[in-house]
Amino acid sequence: MDSFSPFPVDLHQQYLFKAQNLDTKSWEYFLTAHKRISGAYWTLTSIDLLHGLEKTDENAIVSWILSCQHESGGFGGNVDQDPNLLSTLSAVQCLALYRRLHELNQEKIVSYVASLQLSDGSFMGDIWGEVDSRFTYAAILCLSILQRLDAVRVDKAVEFILSCLNFDGGFGCIPGAESHSGQVFCCIGTLYLTDSLHRIDQELTGWWLAERQLKNGGLNGRPDKKADVCYSWWVLSSLVMLNKLDWIDSSKLIEFILRSQDLENGGIADYPGDRSDVFHTFFGLAGLSLLGCPQLKKIHPAYALPVEIISRE
Amino acid sequence: MLPLFQDVELKTDTKALLELCQDIIQDIEEYLKPERSAPIDYETDFLWISALFRILLKRKEYSERALKVSLAAIQNNPADYSCWDFRRQILRRSQQMSLLQQELEICNELGLQNPKNYQIWFHRRFLCTFLENPQEELEFTETILLEDAKNYHAWSHRQWVVYRFQLLGEEAFSKKFLEMDFRNNSAWNYRYFVIFLSMKTAVISLELRQSEAYYAWEILQRSFMNESAWYYLWQVVDNEWHLFPSITQAVQNLLEEQKHNRLVRITWFNILMNKGELSEAQAICNQLKTELDTFHQSFWNEQLMIQSPK
Numbered sequence: 009m010d011s012f013s014p015f016p017v018d019l020h021q022q023y024l025f026k027a028q029n030l031d032t033k034s035w036e037y038f039l040t041a042h043k044r045i046s047g048a049y050w051t052l053t054s055i056d057l058l059h060g061l062e063k064t065d066e067n068a069i070v071s072w073i074l075s076c077q078h079e080s081g082g083f084g085g086n087v088d089q090d091p092n093l094l095s096t097l098s099a100v101q102c103l104a105l106y107r108r109l110h111e112l113n114q115e116k117i118v119s120y121v122a123s124l125q126l127s128d129g130s131f132m133g134d135i136w137g138e139v140d141s142r143f144t145y146a147a148i149l150c151l152s153i154l155q156r157l158d159a160v161r162v163d164k165a166v167e168f169i170l171s172c173l174n175f176d177g178g179f180g181c182i183p184g185a186e187s188h189s190g191q192v193f194c195c196i197g198t199l200y201l202t203d204s205l206h207r208i209d210q211e212l213t214g215w216w217l218a219e220r221q222l223k224n225g226g227l228n229g230r231p232d233k234k235a236d237v238c239y240s241w242w243v244l245s246s247l248v249m250l251n252k253l254d255w256i257d258s259s260k261l262i263e264f265i266l267r268s269q270d271l272e273n274g275g276i277a278d279y280p281g282d283r284s285d286v287f288h289t290f291f292g293l294a295g296l297s298l299l300g301c302p303q304l305k306k307i308h309p310a311y312a313l314p315v316e317i318i319s320r321e
Numbered sequence: 012m013l014p015l016f017q018d019v020e021l022k023t024d025t026k027a028l029l030e031l032c033q034d035i036i037q038d039i040e041e042y043l044k045p046e047r048s049a050p051i052d053y054e055t056d057f058l059w060i061s062a063l064f065r066i067l068l069k070r071k072e073y074s075e076r077a078l079k080v081s082l083a084a085i086q087n088n089p090a091d092y093s094c095w096d097f098r099r100q101i102l103r104r105s106q107q108m109s110l111l112q113q114e115l116e117i118c119n120e121l122g123l124q125n126p127k128n129y130q131i132w133f134h135r136r137f138l139c140t141f142l143e144n145p146q147e148e149l150e151f152t153e154t155i156l157l158e159d160a161k162n163y164h165a166w167s168h169r170q171w172v173v174y175r176f177q178l179l180g181e182e183a184f185s186k187k188f189l190e191m192d193f194r195n196n197s198a199w200n201y202r203y204f205v206i207f208l209s210m211k212t213a214v215i216s217l218e219l220r221q222s223e224a225y226y227a228w229e230i231l232q233r234s235f236m237n238e239s240a241w242y243y244l245w246q247v248v249d250n251e252w253h254l255f256p257s258i259t260q261a262v263q264n265l266l267e268e269q270k271h272n273r274l275v276r277i278t279w280f281n282i283l284m285n286k287g288e289l290s291e292a293q294a295i296c297n298q299l300k301t302e303l304d305t306f307h308q309s310f311w312n313e314q315l316m317i318q319s320p321k
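Structure representation (structure tokens):
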């Protein structure tokens, strides 16, 4: 039985609430305005994993999120930001957390997402045309939550993802690009959500993922790079989706994540001793949830939302 | 000029921009209203520039002054993607080469300061499709990589350029970076890409594979713990070890000298499986499971089960 100690749940909740109520007069608030909606997703999901969601100002948050929607149906990172796929996904995920998906104009979102698919099956991040396997995952996940995968060419999306598969079993951002744990998560997530995992050599990919674990127990993003807590999510959830969680040493990884906590101010950092931030707090908590931490809600590896939300239908 | 903010000190540049936008000062002040009632932490210039930009954006004003204002906004916060979107709207309408060239200079400067900024890298690709300037892109990515040899954006951008313009001769570039750090996984990936994937009309001969396998082996001589070199070798061989007899023999010769090296043993395991020598493969499996690669016990257990007679 793995030990999850020390793990100061209340301190982490405090940290997250403080982060959520960022001083609107601060420089940090200004600099992160364009991606506020993704910040909201990381913060709120973390709070929900810690069983604290009912303490948030649900109505204010939901109405702010809804005000980020554009005519096109897509959401921007904040009220006066241009719509894009990643922000649209974050918006849908947040509404899913609050079980208020019915308040969305779902048809408009679906048509916005579908409009971003190209003839090779890949998705653009927005109307400007950047292609990256992350965007395909965002599109497929968004439509999976709304149960509208029928609106796009799933078969072509899968073909594009497969074209990003590399010789080492990993996936890159575009065909031929270096295998990277973040991209692997997006690609495996897409294959999982579209029932297409059988199309790859799962052993080979599982192997590449398992090789991310370093002697300190942490996971890295690519060979010969430093461990980082965010990979505790991306690598781990991929292994879970491939049914190979036991291919790494769980107790060493738990130790690494716990050592990356800020036991004074709360939150989790990228590495032991560094300053915590909301991004890494989310990934650290999500990783611990996958590893069976009893104080956390169970998170779904593909949806990156609590399992109870997914299985409610 | 600014009746309600007379006591605020602004930089000359900011004042100049506000002067350019006299006709919409009221809109800006309206936009900033909520901020006035409380003291502000951050430099007021940033606030004013941001407000100016947002007003021009709302008005969809794709003008020369909008270019100036959005430039100031982007310098304050290069991650503000709406600002980059806005500049593309202006550039796309103008279609002036000189303007596009100027924009590239801006990307060079901001890109050097913010080498991991997604927006700037994508903006370069937007410009490149008009300017058709692969050489400049190669030079820029090289500059970035000389500072950070593993910058993921730089490598994938360079690959994008190489593929789009079907450029030759990039093996030398990968070699240059491997000479600097023979463990650089990005450089190994780039090598594989330029030699085996990038040319639409490439023919992969056995000769080519053998020469690349020997290159990887040469690098491995310097350290048999080099993960990426092993991965490269495995891929080039692609489970056809019988076509690479001397390297196969060399791996076997290493077993004694490199007793504790899991990568050597894993390679030998693959070779044995390839040859169909299952009981010997099983012995290696056990060794990996219990001594050399205990983190991956479950993986090796599975391998053992695969091999056992059914």
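Line by line, the protein sequences give chains W and E. Heads up, the first sequence is in this note's numbering, so the first residue is 9 and it goes up one at a time. Heads up, the second sequence is in this note's numbering, so the first residue is 12 and it goes up one at a time. All C-beta atoms in this analysis are idealised placements derived from N, C-alpha and C, irrespective of residue type, glycine included. Bear in mind that the values here come from a model prediction, so they are computed numbers and not experimental data.
Inter-residue spacing [alpha-carbon to alpha-carbon] between THR5 (chain W) and LEU149 (chain W): Outside the displayed range of chain W (9 to 321) lies residue 5 (chain W), so it cannot be described from this structure.
* Examine chain E for any beta-carbon lying closer than 8 Å to the beta-carbon of ASP236 (chain W), and answer yes or no. => no
For this session: Give a yes or no on whether the minimum CB-CB distance between GLN269 (chain W) and chain E is below 8 Å.
Result: no
Taking Cβ positions only, does TRP241 (chain W) come closer than 8 Å to chain E?
no
- Neighbour list for GLU75 (chain E) in chain W, Cβ cutoff strictly below 8 Å: In chain order: nothing, as chain W lies at least about 22 Å away.
**Report entry** Three CB pairs or more closer than 8 Å across the segment 93-101 of chain W and the segment 45-52 of chain W
**Finding:** yes
Is the Cβ-Cβ distance between LEU24 (chain W) and SER71 (chain W) less than 8 Å?
no
With GLN177 (chain E) and LYS211 (chain E) assumed to form a contact (beta carbons below 8 Å), what rounded beta-carbon distance in angstroms separates them?
-> 7 Å
Just mark ASP163 (chain W) as buried or exposed, buried being the case when its beta carbon has 16 or more other beta carbons within 10 Å. exposed
Indicate whether ASP176 (chain W) and TRP216 (chain W) have their beta-carbon atoms separated by less than 8 Å.
yes
query = Cα separation between VAL100 (chain W) and GLY85 (chain W)?
reply = 12 Å
Q | Endpoints, the alpha helix (DSSP H) within which THR202 (chain W) is located | A | Careful: THR202 (chain W) lies outside any alpha helix (DSSP H) and carries neither H nor E.
*asked:* Beta carbons nearer than 8 Å to chain W: which residues of the segment 136-164 of chain E have them?
replied: ARG136, PHE137, LYS161, TYR163
**Asked** What residue from W:PHE15, W:LEU52, W:SER13 has the CA that sits closest to LYS26 (chain W)'s CA?
**Response** W:LEU52
### Task
Measuring alpha carbon to alpha carbon, tell me which of E:GLY122, E:THR140, E:PHE141 ends up nearest TRP132 (chain E).
E:GLY122
TODO: Alpha carbon to alpha carbon, how far is THR140 (chain E) from ASP34 (chain E)? Give it in angstroms, no decimals.
DONE: 36 Å
**Asked** Between ASP91 (chain E) and chain W, is there a C-beta pair that is closer than 8 Å?
**Response** yes
Looking at the structure shown, is PRO50 (chain E) part of a helix, part of a strand, or coil, going by DSSP? Because PRO50 (chain E) carries a pLDDT of 48, less than 50, the predicted location of this residue cannot be relied on, and no value is offered for it.
- request: Would you please state the rounded distance, in angstroms, between the beta carbons of LYS260 (chain W) and GLY214 (chain W)? I believe it to be under 8 Å.
  value: Contact doesn't hold; Cβ gap of about 18 Å is too wide.
For GLN114 (chain W), I'd like the list of residues in its chain whose CB is within less than 8 Å of its CB, leaving aside the five on either flank, ordered along the chain.
LEU154, ARG156
Check: Is there at least one Cβ from chain W nearer than 8 Å to LEU115 (chain E)'s Cβ?
Finding: no
| query | Near PHE291 (chain W), which residues of its chain fall below 7 Å by C-beta distance, leaving aside the five closest residues on each side in sequence? | reply | VAL237, CYS238, SER240, TRP241
**Message:** Taking CB distances under 8 Å as the criterion, tell me whether TRP171 (chain E) reaches chain W.
**Reply:** yes
- Message: In the DSSP assignment, the alpha helix (DSSP H) including VAL160 (chain W) goes from what residue to what residue?
- Response: Here VAL160 (chain W) belongs to no alpha helix (DSSP H), and DSSP marks it neither H nor E.
Which of the residues in the segment 186-210 of chain W, read from start to end, lie with their CB under 8 Å from any CB of chain E?
-> GLU186, SER187, HIS188
Counting only Cβ-Cβ distances shorter than 7 Å, please list the residues of the segment 270-281 of chain E near chain W, keeping chain order.
none
**Study point:** Neighbour-count burial assignment, ALA104 (chain W), 16 or more Cβ in a 10 Å radius
**Key:** buried
- Query: Do you know offhand how far GLN146 (chain E)'s Cα is from LEU157 (chain E)'s?
  - Reply: 17 Å
**Asked** Is GLY197 (chain W) closer than 8 Å to MET132 (chain W) when the C-beta atoms are compared?
**Response** no
Taking only beta-carbon atoms, is ASN88 (chain E) less than 8 Å away from chain W?
yes
Practice problem: Determine the direct distance from the alpha carbon of VAL286 (chain W) to that of ILE276 (chain W), and round the result to whole angstroms. | Solution: 8 Å
Tell whether a beta-carbon distance below 8 Å holds between HIS20 (chain W) and LEU58 (chain W). yes
- Message: Just to confirm my understanding: we take LEU247 (chain W), look at its own chain, exclude 5 residues before and 5 after, and list those with CB closer than 8 Å. What are they?
- Response: GLY214, LEU217, ALA218, LEU253, TRP255, ILE256
Checklist entry - So, do the segment 204-214 of chain W and the segment 166-185 of chain E have three or more beta carbon pairs nearer to each other than 8 Å? => result no
Mapping DSSP to helix, strand and coil, what is ILE208 (chain W)? coil
Going by C-alpha distance, which of W:ASP128, W:LEU74, W:ALA122 is nearest LEU109 (chain W)?
W:LEU74
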